[in-house]
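In what follows, a single structure is set out as structure tokens and then discussed.
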Amino acid sequence: MLPSFPACSGPVGHHLLAPLLALVFLLGVVAPARALDCPAVHVLPHLEGGQVLLEGYVNQGKPRPGTRRRDRVRGLLATPAASAPIVLQVGPTTRPVTLDEEGAFAVTVPAWTGTATLAVLDPTTTPATTLWTRELALPPAPRFLLVSDIDDTIQVTEVTRRARMVFNSLFRKAENREAVPGTPDAYRFLAAGAHSLGTPLVVYLSCSPAAMARSLEAFLDHHGFPAGVLCIKHTLTSDGTDPAVHKLKWLRRLAATYPGRPFLLLGDSGEQDPEIYLEFARSAAPGTVRAIIIRQVPGREGKDRPRLAGLAATLPASGPQLLVWSNPDELTAALTTLGLQEK
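Heads up: the sequence shown is residues 0 to 342, going by numbering that gives the first Met the number 0.
Shown next as structure tokens:
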């Protein structure tokens, strides 16, 4: 979905930061200050006027694959590359960019046709060092937004069991991470647009820091989840103390960026997803949220059922449905309830 704060729906619990810091220093994996690394870039297509927004984060430290255990631990303590120069490449075009004081950039570029090479380059080296690159074709204009949490919604993380959460997130390889049964098929079906809502923009919304981005992307690719926009935090402390701040900020930003498109929100019962999604639904324009689909985290049924029933009872009859599922058949039934059968 962090340190010395209430836990976020990401892979590092706040009260485990001190042991994590000790582990990092004992392993000697504090990131060196030389060179630059770009752990995460997200692309928001189909903005007003046919523009595309490229946003990303750049840290100090040697560029690295980011999927190894050592890389993930080191990346958690990386220092943002404040005010550093980079070059952004889109196809044959390059543009010099100066990072902000948080090591972030946001650049709007014209949409392209076909597949373009995107890259973030460090121009201070000879030749310029490639910090991040992708071959990317823009998706079709979205008819709706499919916004999904990651941890314990589509990836088994065990967020409510802190030691297991840290082990799963930092020490298990992406290809060994378990997908929540039924979710890869369901997400591929929703992304294909072969149903009444049409084709979505898929957004994976998590409070994980950018250091985890490459590992999360490898997990999504390994299990065949549809391509989408990965909206995560820059550092462990970005967006303050409350996971709702990060998620609500992104939900409201997406609603403003894609006005009039309905949302399908998917999360889990382990932490605050139901409450966050309901708060967004109440504050958004009527009809913005089509449905909220929540996975019941195993072992929490006694705690979660009264809570979820109470939340559902607060929804107006004309508001979004709150649907809860525990297994693949129930997930399929939830989609059927929404009329999302194949055309």
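C-beta: ideal position from N, C-alpha, C; glycine also.
Please read these numbers as outputs of a predicted model, since none were measured by experiment.
Practice task
Please go through the same chain and pick out, in chain order, the residues whose beta-carbon is closer than 6 angstroms to the beta-carbon of proline 327, but skip the five residues on each side of it.
Solution key: The sequence position of residue 327 within the sequence shown is 328, counting from 1. Pro180 and Gly181.
Practice task
Evaluate contact between the stretch 31-48 and the stretch 181-198, counting only Cβ atoms and requiring at least three cross-stretch pairs below 8 angstroms.
Solution key: no
Practice task
Round the Cβ separation of serine 205 and isoleucine 149 to the nearest angstrom and send it over; I've been treating them as touching at under 8 angstroms.
Solution key: Locating residue 205 in the sequence shown gives position 206, counting from the first residue. Locating residue 149 in the sequence shown gives position 150, counting from the first residue. So it is a contact: roughly 4 angstroms between Cβ atoms.
Practice task
Could you please give me the residues that DSSP links to lysine 232 through a beta bridge?
Solution key: Sequence index remark: in the sequence shown, residue 232 carries index 233 (1-based). Pro208.
Handout entry: From Asp99, Tyr257, Ile85 and Leu314, residue whose alpha carbon lies closest to that of leucine 200
Key = Position 201 of the sequence shown holds residue 200. The candidate whose alpha carbon is nearest that of leucine 200 is Tyr257.
Exercise for the section: Measuring alpha carbon to alpha carbon, tell me which of Ala212, Ala217 and Gln59 ends up nearest arginine 176. Expected result: Residue numbering aside, residue 176 sits at position 177 when the sequence shown is read from its first letter. The option with the nearest alpha carbon to arginine 176 is Ala217.
Practice task
For leucine 130, count neighbouring C-beta atoms within 10 Å of its own C-beta (all shown protein chains included) and say buried if the count is 16 or more, exposed if not.
Solution key: The count along the sequence shown starts at 1 and reaches residue 130 at position 131. Leucine 130 comes out buried.
Practice task
Check the C-beta distance from lysine 232 over to alanine 209 and give it rounded, since I have them as a contact under 8 angstroms.
Solution key: Walking along the sequence shown from the start, residue 232 turns up at place 233. Walking along the sequence shown from the start, residue 209 turns up at place 210. The Cβ separation is near 7 angstroms, so the contact holds.
Practice task
Determine, using beta carbons only, whether alanine 80 and valine 57 come nearer to each other than 8 angstroms.
Solution key: Against the sequence shown, residue 80 aligns to sequence position 81. Against the sequence shown, residue 57 aligns to sequence position 58. Yes; because the gap between Cβ atoms is below 8 angstroms, this pair is in contact.
Handout entry: Three or more C-beta pairs below 8 angstroms linking the stretch 220-235 and the stretch 257-268
Key = Between the stretch 220-235 and the stretch 257-268 there are fewer than three C-beta pairs closer than 8 angstroms, too few to call the two in contact.
Handout entry: Range of the contiguous alpha helix (DSSP H) that encloses proline 273
Key = To locate residue 273, count along the sequence shown from 1; it is residue 274. 272-282 is the extent of the alpha helix (DSSP H) around proline 273.
Handout entry: Close Cβ partners of leucine 314 (< 7 angstroms) along its chain, the five nearest in sequence each way excluded
Key = Along the sequence shown, one-based indexing puts residue 314 at 315. Result list for leucine 314: Leu321, in chain order.
Handout entry: Identity of the residue in Ser214, Pro95 and Leu43 nearest proline 109 by Cα
Key = Along the sequence shown, read from residue 1 onward, the residue named residue 109 stands at position 110. Selected option, being the one with the closest Cα: Leu43.
Problem - Euclidean distance between Cα positions of histidine 45 and glycine 301 - result: For the purposes of this step, residue 45 is taken as the residue at position 46 of the sequence shown. For the purposes of this step, residue 301 is taken as the residue at position 302 of the sequence shown. Straight-line Cα distance between these residues: approximately 43 angstroms.
Practice task
Check alanine 30 in the structure and name its three-state DSSP category.
Solution key: Taking the sequence shown and counting its residues from 1, one reaches residue 30 at position 31. With a pLDDT of only 44 at alanine 30, under the threshold of 50, the placement of this residue in the model should not be trusted; the figure read from the coordinates follows. Coil, per DSSP.
Handout entry: Counted within 10 angstroms of its Cβ, other Cβ atoms place glycine 338 as buried (16 or more) or exposed
Key = Start at 1 with the first residue of the sequence shown, and residue 338 comes out as number 339. Under this definition glycine 338 is an exposed residue.
Problem - Alpha carbon of threonine 112 to alpha carbon of proline 91, nearest angstrom - result: Numbered from its first residue, the sequence shown carries residue 112 at position 113. Numbered from its first residue, the sequence shown carries residue 91 at position 92. About 13 angstroms.
Practice task
Give the straight-line distance between the Cα atoms of methionine 211 and arginine 73, rounded to the nearest whole angstrom.
Solution key: Here residue 211 refers to the residue found at position 212 when the sequence shown is read from its first residue. Here residue 73 refers to the residue found at position 74 when the sequence shown is read from its first residue. Spanning the alpha carbons of methionine 211 and arginine 73 requires a straight line of approximately 10 angstroms.
Practice task
In the DSSP assignment, find the unbroken alpha helix (DSSP H) run with phenylalanine 224 in it and report its ends.
Solution key: For the purposes of this step, residue 224 is taken as the residue at position 225 of the sequence shown. Looking at the DSSP string, phenylalanine 224 is not in any alpha helix (DSSP H), and its letter there is neither H nor E.
Practice task
Kindly indicate the opening and closing residues of the alpha helix (DSSP H) around histidine 245.
Solution key: Start at 1 with the first residue of the sequence shown, and residue 245 comes out as number 246. From DSSP, the alpha helix (DSSP H) with histidine 245 extends over 242-256.
Problem - Beta-carbon contacts of tryptophan 249 that lie in its chain and below 7 angstroms, excluding the five residues immediately before and after - result: Here residue 249 refers to the residue found at position 250 of the sequence shown. Leu204 and Cys230.
Problem - First and last residue of the uninterrupted alpha helix (DSSP H) at aspartate 150 - result: For the purposes of this step, residue 150 is taken as residue 151 along the sequence shown, with counting starting at 1. No alpha helix (DSSP H) contains aspartate 150, which DSSP labels as neither H nor E.
Handout entry: Residue environment, glycine 49, which counts as buried when at least 16 other CB atoms sit within 10 Å
Key = If you number the sequence shown from 1, residue 49 lands on position 50. Flag for glycine 49 reads exposed.
Exercise for the section: Indicate whether leucine 310 and proline 285 have their beta-carbon atoms separated by less than 8 angstroms. Expected result: By one-based count along the sequence shown, residue 310 stands at place 311. By one-based count along the sequence shown, residue 285 stands at place 286. At a Cβ-Cβ threshold of 8 angstroms, leucine 310 and proline 285 do not count as neighbours.
Practice task
Give me the Cα-Cα distance between leucine 334 and threonine 156, rounded to the nearest whole angstrom.
Solution key: Your numbering for residue 334 matches position 335 in the sequence shown. Your numbering for residue 156 matches position 157 in the sequence shown. Between the alpha carbons of leucine 334 and threonine 156 lies a distance of about 24 angstroms.
Exercise for the section: Give the single residue among Val96, Arg251 and Ile291 whose Cα lies nearest to the Cα of alanine 283. Expected result: One-based indexing of the sequence shown puts residue 283 at position 284. Looking at the Cα atoms, Arg251 is the closest of the given residues.
Handout entry: Exposure of serine 325, with buried meaning 16 or more beta-carbon neighbours within 10 Å
Key = Counting from one through the sequence shown, the residue named residue 325 turns up at place 326. Per the 10 Å Cβ criterion, exposed.
Exercise for the section: Give me the Cα-Cα distance between valine 96 and threonine 331, rounded to the nearest whole angstrom. Expected result: Here residue 96 refers to the residue found at position 97 of the sequence shown. Here residue 331 refers to the residue found at position 332 of the sequence shown. Going from the Cα of valine 96 to the Cα of threonine 331 covers about 46 angstroms.
Exercise for the section: Look at the alpha carbon of glycine 318 and the alpha carbon of valine 288, and state the distance between them as a whole number of angstroms. Expected result: On the sequence shown, residue 318 is found 319 positions in, with the first residue counted as 1. On the sequence shown, residue 288 is found 289 positions in, with the first residue counted as 1. Using only the alpha carbons, I get a separation of about 8 angstroms.
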